[in-house]
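Since the structure comes first, as structure tokens, the remarks are kept for the end.
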Amino acid sequence: MKKKVIIIGGGISGLSTGSYLQMNGFDTEIYELHDIPGGVCTTWKRKNYLVDLCVHWFVGSRNVVDYYKVWQELLPMDKLKFVDHDVFLKVSDENKNFINIYSNIDKLEKELLEKAPEDIEVINKIIYFARKCKKLDFEVLKAPNLLSFFEKTIMFLKLAPFAVLMTKYGGKTIRNFADQCKNPLLKKTLMSFFLPDSSILFLAITLGWIDKRCAGYPIGGSQNISNLLEKRFTELEGKIYYKSRVNKILVKDNKAYGIILANGTEINADIVISCGDGYDTIYNMLEGKYTDEKIDKFYREFQLFPSHVFIAYGVSRKIVTEEINMTQIFAKKPFTVDDKTECNSIMVRVFNFDPTLNGEENTTISVSVGTDNYEYWNNLYQNDREKYNKEKTRVSDIVLDILDDYYGNIKANVKMVDISTPVTVKRYTNNWKGSFEGWYPTPQVILTQFPKTLPGLDNFYLISQWTNQGGGICQCAVSGRNITQTLCKSEKIKFTTTLISS
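Going by my numbering, the residue at position 422 of the sequence shown is 659; the numbering climbs one at a time, nothing skipped.
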């Protein structure tokens, strides 16, 4: 008889886990609080414009890394189209001086040396690191906990050439490198590439991926990816239930045996896997009964990936720019986001490279303004909805002025404005404090192994961006594959996969 598995959360981790479990003979049900799949990997329509929240780059878009092999099992990769931008990131200061982070490492090196020759030492280190990381191909096809001694030895030998580099720079942050810069624009550029206290590894590895053209943008946007993942799961005869918030995980004799939904419905299963929010799972659904000091420390001390005020503008004209994925625009003066956040720049995406989002004659512009201040926005939302809406509009108006100054002729052509806050993220995804991507990828987080089980609790697993270093949809997809391998070994089942037939 097939073992029944309940999955909490229909985001990328949940959909991936469900598909792999179905491939291996389990009876799988997903319970999702929203009415669509994908979690944060989403797109929505406002008037005639589609607003894309999530995918900035899709690791595994080309068959030069093992992530591609994972996606082949979940998505019709031969039918998807990807855009590999010439410029991954453009950083423009308050005087419109700019540096382009080119996708090609050779072009990037030339650009940086031309714009900031006084920082040749810093530039040489970054370029050297990026070229080395370009040669890395991470082992993702087998769960780390299942690797044999021989497989671990092979992996060690593959990584050995990078050992000195990792030892020397693995604990360094982007800020550490930026602080060495004499050129103020280069410093701003480095601080804009990722969160400044992220490991420098993230910057170098990403530069390697985009140079290999295996981290493109998927035409059709984020929701298209989520919908295709849902289709794969249901075609494998998995079941997904929407508007089904899980309030509690049922436990007897320290064994999980089901869930209780918000409407009181009780559903039993042999195994429960939470692919939803880590904090809510551990401290609410399980009432904090299955934790330890190590896990508590994660949620007490580790920094969260920030949330944002996310604003989309529908513009009734075509905005012609270079082939750019993202643009960091520095304002002429700092502006207030909330009572604890002042900002001097905005991250902008002009979706003129995806005609499926807005047609040929219109353009969607999305802007992310970072904030850690979930409490401020939640307090307004709960207690003063009028001020909450006014504050959203205030920030949007400031951002629109910046866009109008930078691109020209924007204000007069805006036909749609859509604004979300950290509260919006929490409402639709249940992510703790509206965090966009789990843990902030500091050097400490990169070196942390997050447990996929909880102490003292059997028949339960926890996987998602809260158990990965760095989050991201590729990691979430891999986590579903890995946890299925673990379950197959536990149940003495041979792990098998299938490709999507063309």
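Glycine is no exception: its CB is placed at the ideal position from the N, C-alpha and C atoms.
Burial state of residue i (16 or more Cβ within 10 Å)
{"i": "L345", "result": "buried"}
{"i": "A506", "result": "buried"}
{"i": "A649", "result": "exposed"}
{"i": "V288", "result": "buried"}
{"i": "E674", "result": "buried"}
{"i": "Y282", "result": "As written in the sequence, residue 282 is Lys, which differs from the Tyr given in the question. Answer is exposed; the Cβ neighbour count stays below 16."}
{"i": "I508", "result": "buried"}
{"i": "E348", "result": "buried"}
{"i": "I357", "result": "exposed"}
{"i": "L736", "result": "exposed"}
{"i": "Q722", "result": "buried"}
{"i": "E538", "result": "exposed"}
{"i": "K663", "result": "buried"}
{"i": "N461", "result": "buried"}
{"i": "T390", "result": "exposed"}
{"i": "A215", "result": "It is not possible to answer for residue 215, since the shown part of the chain is limited to 238 through 739."}
{"i": "R586", "result": "buried"}
{"i": "K526", "result": "exposed"}
{"i": "A397", "result": "exposed"}
{"i": "K424", "result": "buried"}
{"i": "T630", "result": "exposed"}
{"i": "G707", "result": "buried"}
{"i": "G457", "result": "buried"}
{"i": "S738", "result": "exposed"}
{"i": "L684", "result": "exposed"}
Extent of the continuous beta strand (DSSP E) run through residue i
{"i": "I496", "result": "492 to 498"}
{"i": "P455", "result": "452 to 455"}
{"i": "P571", "result": "561 to 575"}
{"i": "E266", "result": "264 to 268"}
{"i": "R283", "result": "280 to 283"}
{"i": "M260", "result": "Careful: M260 lies outside any beta strand (DSSP E), inside the alpha helix (DSSP H) at 249 to 260."}
{"i": "A549", "result": "544 to 552"}
{"i": "D289", "result": "286 to 289"}
{"i": "E579", "result": "578 to 587"}
{"i": "K476", "result": "476 to 478"}
{"i": "Y698", "result": "697 to 699"}
Span of the alpha helix (DSSP H) around residue i
{"i": "M428", "result": "421 to 430"}
{"i": "I411", "result": "411 to 415"}
{"i": "E503", "result": "Premise fails: E503 lies in the beta strand (DSSP E), 503 to 505, not in any alpha helix (DSSP H)."}
{"i": "S435", "result": "That residue, S435, is in no alpha helix (DSSP H); it is neither H nor E in DSSP."}
{"i": "A741", "result": "Here the chain covers residues 238 to 739 and nothing more, so residue 741 does not appear."}
{"i": "V307", "result": "303 to 311"}
Residue i to residue j span [Cα, whole Å]
{"i": "T254", "j": "A400", "result": "32 angstroms"}
{"i": "M522", "j": "T593", "result": "39 angstroms"}
{"i": "K379", "j": "C713", "result": "14 angstroms"}
{"i": "A441", "j": "D374", "result": "13 angstroms"}
{"i": "E472", "j": "F366", "result": "43 angstroms"}
{"i": "I639", "j": "I561", "result": "18 angstroms"}
{"i": "D517", "j": "L699", "result": "11 angstroms"}
{"i": "A452", "j": "F295", "result": "5 angstroms"}
{"i": "I364", "j": "I342", "result": "7 angstroms"}
{"i": "I710", "j": "L466", "result": "12 angstroms"}
{"i": "V307", "j": "F470", "result": "14 angstroms"}
{"i": "I497", "j": "I273", "result": "20 angstroms"}
{"i": "I556", "j": "T404", "result": "45 angstroms"}
{"i": "D514", "j": "F547", "result": "21 angstroms"}
{"i": "V715", "j": "S605", "result": "27 angstroms"}
{"i": "T502", "j": "I267", "result": "14 angstroms"}
{"i": "K419", "j": "G408", "result": "22 angstroms"}
{"i": "F319", "j": "S298", "result": "7 angstroms"}
{"i": "R718", "j": "S385", "result": "17 angstroms"}
{"i": "V636", "j": "D416", "result": "28 angstroms"}
{"i": "G247", "j": "K480", "result": "11 angstroms"}
{"i": "R482", "j": "V292", "result": "25 angstroms"}
{"i": "D634", "j": "S603", "result": "14 angstroms"}
{"i": "L350", "j": "P421", "result": "14 angstroms"}
{"i": "S340", "j": "S463", "result": "26 angstroms"}
{"i": "E579", "j": "I720", "result": "41 angstroms"}
{"i": "I519", "j": "F535", "result": "12 angstroms"}
CB-CB length for residue i against residue j, believed under 8 angstroms
{"i": "P455", "j": "L317", "result": "6 angstroms"}
{"i": "N334", "j": "V324", "result": "Going by Cβ atoms, the distance from N334 to V324 rounds to 15 angstroms, so no, they are not a contact pair."}
{"i": "P680", "j": "S436", "result": "5 angstroms"}
{"i": "N261", "j": "T690", "result": "The pair is not a contact, with the Cβ atoms about 19 angstroms apart (cut-off 8 angstroms)."}
{"i": "E269", "j": "Y611", "result": "Wrong, their Cβ atoms sit about 22 angstroms apart, outside the cutoff."}
{"i": "T601", "j": "F588", "result": "5 angstroms"}
{"i": "N382", "j": "L694", "result": "Not really, about 17 angstroms apart at Cβ, beyond 8 angstroms."}
{"i": "F697", "j": "A493", "result": "4 angstroms"}
Closer than 7 angstroms: residue i CB and nearest the ligand NAP heavy atom
{"i": "N500", "result": "Looking for the ligand NAP in the displayed structure turns up nothing, as the structure carries no ligands at all."}
- [ ] Would you mind listing the beta strand (DSSP E) stretches within the stretch 314 to 396 that are 3+ residues and don't spill past its ends, in chain order?
- [x] 324 to 329, 335 to 339
Task: beta strand (DSSP E) segments (min. 3 residues) lying fully within the stretch 591 to 636 - done: 600 to 608
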